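Step one of this worksheet: look at the structure below.
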Amino acid sequence: MISRAAPRGKPALGPFPPPAPSLDPPRRHPRGRAMPMEKTFNAAEAEPRIYAAWEDAKAFAAGANASRAETFCIMIPPPNVTGSLHVGHAFNNTLQDILVRWQRMRGFDTLWQPGTDHAGIATQMVVERALAKEGNEDRRTMGRERFIERVWQQKVESRGNITGQLKRLGASCDWDREAFTMGGAPGDPDRDSGAPNFHDAVIKVFVDMFEKGYIYRGKRLVNWDPHFETAISDLEVEQVEVDGKMWRLRYPLENGETYEHPIEFDEEGRPSDWETRDYLTVATTRPETMLGDTGVAVHPTDVRYGHLIGKTVRLPIVGRSIPIVADEYADPDKGTGAVKITPAHDFNDWDVGARTGLSAINVMSTTAAMSLKGEDFAAGCDPDDIARAIQMFDGIDRYEARDSIVTLARDEGWLDGIDEDRHMVPHGDRSKTAIEPYLTDQWFVDTAKIVQPAIDAVRSGETEILPEQDKKVYFNWLENIEPWCISRQLWWGHQIPVWYGPTFDENNENVIAPDGTYFCASSIDEVQAKAEAHYSKLLGDQITVEIEQPGLPKPMHNASGVAYENGTVRLASVVLTRDPDVLDTWFSSGLWPIGTLGWPEQTDELKRYFPTSVLVTAFDIIFFWVARMMMMQYAVVGQKPFDTVYVHALVRDEKGKKMSKSLGNVLDPLDLVDEFGADAVRFTLAALAAMGRDLKLSTSRIQGYRNFTTKLWNAVRFAEMNGVYDAGAPTQYRRDADVLQTANKWIVGETAKVRETVDEALANYRFNDAANALYAFVWGKVCDWYVEFSKPLLNSEDTEIVAETRATMGWVLDQCMILLHPIMPFITEELWQTTAAREKMCVHADWPTYQATDLVDEKADAEMNWVIALIDGIRSARAQMHVPVGLYIPVQALEFGDAARAAWTRNETLIKRLARVESLSEINEMPKGAITIAAEGALFCLPLADIIDVAEEKARLEKTLAKLEKELAGLNARLSNEKFLASAPEDVVEDTRDAAAVKQDEAAKLKAALDRLADLE
RNA sequence: GGGUGAUUAGCUCAGUGGUAGAGCGCUUCGUUCACAUCGAAGAUGUCGGCGGUUCGAAUCCGUCAUCACCCA
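Reading the first sequence from the start, the letters are residues 0 to 1016 in numbering that gives the first Met the number 0.
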């Protein structure tokens, strides 16, 4: 390392040494340091510095460090542009970053595509709240143009907010390619920045899908959010259980009809008494909708009402005569068995109405106030009744109207009763207000037409969904797909590319609908051409088409005529008006994979990276996003959007509740990063990644992994203090190098094993397996054993041994940094660069490919395991027998096989050091008062007559023996079972035999020791 | 009502047919020159109940119980 020129023990004087020659990427950060490393990693200081170095080096750019042809591409699930990072994002992006960093180090041509979502309702809500808080005029007063301008302003202000937070986590996205789902839309200040024009892509898709017949306009019942005054999709509705009431209302039968209704029942529940009724009682949780009732349904087999089917009741208040219809939707066992039907305000009733031919009368406004001025409301009713109803209820909020109607019903005697009732009420997931089923014209994607390729792709394995169980969820939803309502009555979003013009009567003379004809096109020029062609052909004249301009007053009429010489008035021009609605946010995010890569241009990136490799997402947006991306990519480009969908858990709070702002249980990942460092947070999330569907985050766990970073740091610090980096960067490990020391051979083999485990785990998205394997290796093997083993070797008189051990340790620790880098990028980069001058940054270090079969030395492995078992045995015996920790004790070998003797000899210094052994001698007879330790091929005694208690040693041996014998009994039982020998695989039988033999041997030794102890007494 | 999943150490949970695991917590001991954000040693499980398949079940099947989530 060039800058650390000062010899050990002599602090450097004077200015920092000159920096390393300029490299790209820079070799190390410019902190010369002659002092030993600090005791801990200063994450707060280092993380921003390291991240800046990566960015300066363009380390995350698409294709950076690529050394092979294969590509690896992940599309980030775009967070809301005005949002902030929550733990779910942290988890989601940590997993993506691990994969991307891993593949980048492997030399794949990687792209992690970042960006944000314009999030229609959510963003509009944020801005409206901001306006209210600032005391500004509201959206309606501002008007659409100024409001949109204000939202763009908000977008610019929020820019970098969430992406900055992702950077703090270490996310290695190609930020130069940052995309936005409304990029390029009118008003975008970055419209000419050269970024992919997402807006044009979205509009083109709409037009294409419209022309293919995948998109249609229709009058349907939709979920209406009265707060935002927009339609929302089924998925944006959440059911909330609320305390409410069930009101029973009496609708009088017309024309003197009556029926017998049971009022008393015998012990077996059979009716025993009846009364004659001239009304039907219906039960409802929403009395205000009765104004729109157009029928009453009874079950076709209901004996009470059979003869009434086809008769009518008179709707109170309105006086509308409505039919009694037969439909199986009416459950004879529920309530009275008669159900009021309001097709315009209830999805079930809509279906009943469709089956039985009932009309739908809309009685509410867009804000869910009663709205009774429609012609269909008054049709067929007494004008006086209608006038009274309008006077009493028109313009009244739905809940006030409910109370008034109930009061009126009580006063007029048609309230039958009130029951307490707890039931589910649909709410808008953003507005949290009760949604209103509402009859409007909306745009729909005819999902049934495009769903099949999305199903087939997963069915055939073309696209893999992991874990397996989420496929079921995916299929279940797609196979029962409903039309997707994509129009939103919002201002913030992609405005629908449809323009309306007049429709003429059959003689092409009079306008019968001013906006009854529509044209779909991706530009004004195109729509003008289309409309001119249409009207010119229709009217047999050259027609000029004008487009209504935003901000200008709307023309009074949509068709204007000029007088011709012969006196007839012929049309000269029409004016088209654009559909004011915008598209559902998920329509545009459904195009994320192709839109971010520049489609419809056949860009280089599109060719290279599409279809993408893997989508990493939480299961809660499988429907919202994953399924729709599948459908839309197939519908638009006829290809799958990704090879694999990896679905992960939702992060929940300690009680297992979904974190949400309204519950106030949100953990801020940035607080955790501040406290523990990004690496610890990332490692924790990786380690928890497989834990079922819920992931409960606790700070004690993060703290534990923070400690792990410190452990790694100090292992490297130890190496540095012991001259491992004196000769510069560790070199490639060579199998034929002069590695003679068993401990060195052993740790090299262990390193190869963990490399295989990590690769295997990451290839299968088993992040927890990778994290746990690395944790166990670094802490349990490298730190607990190898560093300890190395101490006598590094202090050896033999310079060959010192050199070999330094080289091995340097290599092993380099491997730790590399293998840990995808999970803990900051500390590994810091260690990588501060320990030595390097060819490349850690972020671009070559991921190793060595195999355990090449690097594991079976003999060294066996020998070190023997040493470790012996040290464990001595330590355990010492601790249990209360031998003072600091006391070095003599050890005697009673039995000493050749292999054991060789193993001891080769590793004597480290056994002595770690087990605190003073000396070894060989004996022929068990001394009096000794602790016995059985090892493979040897029996050791600790002659400590002065210290130990014979009874206590006896108890210790008995306990060990009891455990051993229990295990042995199990093994022997299996081995004596002929069916086991016959049926079990050979290697299992072999393993069982070996294990039994070893335990048998150990047990025999312990028994002998116990016998000798008995002799003592 | 329909669907999906869960039930393993005090807590949070890994483990999908072959001798029950991790982290945290707990107990005892330790100022050994990488690390007290540490080290050494230790305790704790009829793997929800019952039945079945199997040489062998935490793991596969059935059933019951309890809980959670999604959809009506």
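Where a beta carbon is used, it is the ideal one built from N, C-alpha and C, also for glycine.
What you are looking at is a predicted structure, and each value in this text was computed from that prediction instead of being measured.
With 16 other Cβ atoms within 10 Å as the buried cut-off, status of residue i
i, result
"residue 768", "buried"
"residue 370", "buried"
"residue 621", "buried"
"residue 624", "buried"
"residue 182", "buried"
"residue 305", "exposed"
"residue 119", "buried"
"residue 511", "exposed"
"residue 1027", "Shown here, the chain extends from 0 to 1016; a query on residue 1027 therefore has no answer."
"residue 287", "buried"
"residue 10", "Only weak support exists for where residue 10 lies, its pLDDT of 32 falling under 50; the coordinates are left without a value."
"residue 553", "The pLDDT assigned to residue 553 is 49, lower than 50, so where the model puts this residue is not dependable; a value taken from the coordinates is nonetheless given after this. Flag for residue 553 reads exposed."
"residue 931", "buried"
"residue 269", "exposed"
"residue 904", "exposed"
"residue 67", "exposed"
"residue 273", "exposed"
"residue 950", "exposed"
When the options are compared against residue i, the one with the closest alpha-carbon
i, options, result
"residue 954", "886, 119, 146 and 880", "880"
"residue 410", "460, 316 and 111", "316"
"residue 707", "695, 772 and 668", "772"
"residue 384", "417, 290 and 631", "290"
"residue 81", "106, 46, 96 and 123", "123"
"residue 536", "503, 515 and 511", "503"
"residue 699", "711, 683, 713 and 689", "683"
"residue 107", "98, 115 and 113", "98"
"residue 199", "185, 212, 210 and 211", "185"
"residue 918", "159, 899, 889 and 277", "889"
"residue 226", "352, 430, 394 and 129", "430"
"residue 195", "598, 509, 519 and 1010", "598"
"residue 492", "144, 96 and 948", "144"
"residue 294", "991, 287, 303 and 310", "310"
"residue 832", "724, 619, 822 and 257", "724"
"residue 1009", "436, 281, 958 and 983", "958"
Continuous alpha helix (DSSP H) stretch holding residue i: start and end
i, result
"residue 52", "42-55"
"residue 120", "119-132"
"residue 201", "197-210"
"residue 465", "From DSSP, residue 465 is part of no alpha helix (DSSP H) but of the beta strand (DSSP E) over 463-465."
"residue 97", "86-104"
"residue 849", "Per DSSP, residue 849 belongs to no alpha helix (DSSP H) and is neither H nor E."
"residue 65", "Premise fails: residue 65 is in no alpha helix (DSSP H) and is neither H nor E."
Extent of the continuous beta strand (DSSP E) to which residue i belongs
i, result
"residue 298", "Neither: residue 298 is in no beta strand (DSSP E) and is coded neither H nor E."
"residue 895", "888-895"
"residue 882", "Note, residue 882: premise wrong, no beta strand (DSSP E); not H, not E."
"residue 222", "214-224"
"residue 422", "414-427"
"residue 70", "70-74"
"residue 608", "From DSSP, residue 608 is part of no beta strand (DSSP E) but of the alpha helix (DSSP H) over 603-608."
"residue 515", "510-519"
"residue 638", "Where residue 638 is concerned, there is no enclosing beta strand (DSSP E), given that its DSSP letter is neither H nor E."
For residue i, the residue or residues it bridges with in DSSP
i, result
"residue 494", "581"
"residue 230", "223"
"residue 278", "251"
"residue 115", "179"
"residue 616", "646"
"residue 321", "312"
"residue 244", "419"
"residue 630", "For residue 630, which the question treats as bridged, DSSP gives no partner whatsoever."
task: May I have a chain-ordered list of the alpha helix (DSSP H) segments no shorter than 4 residues that lie completely inside the stretch 753-829?
output: Within the stretch 753-829, the complete alpha helix (DSSP H) runs of at least 4 residues are 766-774, 786-793 and 798-819.
Sequence ranges, beta strand (DSSP E) only - wholly within the stretch 703-731, length at least 3: none
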